[in-house]
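The opening position of the sequence shown corresponds to residue 1 in full-length UniProt numbering, with each subsequent residue numbered one higher. Glycine residues also receive a C-beta, built at the ideal position from the N, C-alpha and C atoms. If you're wondering where the values come from, they're calculated on a predicted model, not measured in any experiment. Beneath this line is the structure, given in structure tokens, with notes to follow.
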Amino acid sequence: MIEVRAAQLDDVGAVREMGLKTSPVAYGGLVPEEFLVDGLAQWWSTEAVERGIPTAISATS
């Protein structure tokens, strides 16, 4: 069974790995190689992934 849940900071490594493996497949041949290489370093850096994971959940009424 597959469980889908919001990412947590403990998931940063797995999220980065997924992005680094799938982005070249998705974008290869569609964008220049240099753009893809530079983008991977920027988009999937530890810092970028950490910024994308919310660290607090707020309730709305």
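Name the two residues that bound the continuous alpha helix (DSSP H) containing residue i.
i	result
residue 64	It is not possible to answer for residue 64, since the shown part of the chain is limited to 1 through 61.
residue 62	Because the chain spans 1 through 61 in this model, residue 62 falls outside it and cannot be assessed.
Buried or exposed, going by whether 16 or more other CB atoms sit within 10 Å of the CB of residue i?
i	result
V25	exposed
T46	exposed
G4	Inspection of the sequence shows that residue 4 is occupied by Val rather than by Gly. Result: exposed.
V31	exposed
V49	buried
A7	exposed
Determine which residues share a DSSP beta bridge with residue i and list them.
i	result
G28	V31
Starting from the C-beta of residue i, find all residues in its chain whose C-beta is less than 8 angstroms away, skip the five residues before and the five after it, and write them out in chain order.
i	result
L9	E50, I53, T55
Considering only residues of the same chain and omitting the five flanking positions on each side of residue i, which have a CB-CB separation below 6 angstroms?
i	result
R16	W44, V49
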